[in-house]
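Since the structure comes first, as structure tokens, the remarks are kept for the end.
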Amino acid sequence: MIIDLRLYLVTDPAYGDPVQIVRSAVAGGASCVQVRDKAAPSADLVSLTRRLRRALPAEVAVIANDDVDAARECDGLHVGLDDLLPTQARELLGPEAVIGWSINDLAQLDDEPQLAACDYVAASPVWTTPTKSDADRPWGLPGVRSLAGLLAGRLPLVAIGGVDAHNAAEAVAAGADGIAVVSAICSAADPGAAAQELRTIVDRSLAERGLAS
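For reference, each letter of the sequence shown is one residue, going 21 to 233 in our numbering.
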């Protein structure tokens, strides 16, 4: 499928019922969803991923984080530097699966086979984030600009880590094609309204770069 990365929601069970939050966020403008819970058993991730895939419109991609069994219940898999390689994920899930890869080090961009196996990459993290205490050194806006320039349009770039309504426009202006958020939506009193605000910011920022939203 063609994945819409403009507003990429990553789930976190700490904020309540993921299905309720995700439904509200998608109604507000979240364009894709990653199911992430590093502490959950695989069977629970499979169940949640299946529920979300059935509950959401087909055009909203549902991506599993680092769990191949869950990925088989949805549209693809997102992996990090310490997870499966993108080439391995592609081999296991086939050509139609959406594969994403977190970029924590510029050296990853030298690995052409891995990039060729991906549908998108994520600058991770852009800023420090409370939802991932073991994250690597933040890229900052200069890092996002550098990654976007080195990718040179080969793959879409998502900005994740500390992104919210106050800095989302800066991340897109620096070259990100979309933003990924956790607490900016999941901790909001109204996840749908928070998603709507973020989606408006992203669409406006992309338009200012001359890109269709």
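Heads up, the beta-carbon is just placed ideally off N, CA and C, and yes, glycines get one too. Note that this is a predicted model, so its numbers are computed, not measured.
Closest in C-alpha terms to Asp197, from the list Ile205, Val178 and Ala188, comes Val178. The continuous stretches of alpha helix (DSSP H) do not include Ala34, and DSSP gives it neither H nor E. An exposed status is given to Gly169, since fewer than 16 other beta-carbon atoms sit within 10 Å of its beta-carbon. A direct Cα-to-Cα measurement between Cys94 and Ile22 gives close to 14 Å. Taking 4 residues as the minimum length, the alpha helix (DSSP H) runs contained wholly in the region 51 to 120 are 62 to 75, 88 to 91 and 106 to 113, in order along the chain. For the pair Leu135 and Trp147, the CB atoms are not nearer than the 9 Å cut-off. Listed as beta-bridge partners of Gly198 by DSSP are Val178. Contact annotation: Cys52 and Asp24 have beta-carbon atoms nearer than 9 Å. DSSP places Val183 outside any alpha helix (DSSP H), giving it a letter other than H or E.
Note: Val141 is bridge-paired with Trp121 and Leu177 in the DSSP secondary-structure output. Relative to Leu97, the option among Arg74, Gln54, Leu129 and Lys58 whose CA is nearest is Gln54. DSSP places Leu161 within a helical segment (H, G or I) once states are collapsed to three. Exposure of Glu116 is indicated by the presence of fewer than 16 other C-beta atoms within 10 angstroms of its C-beta.
Rounded to the nearest angstrom, the gap between the Cα atoms of Ala227 and Val192 is 10 Å.
Apart from the 5 residues on each side of it in sequence, Pro176 sits with its Cβ closer than 6 Å to the Cβ of Leu25, Tyr140 and Asp197 in its chain, given in chain order.
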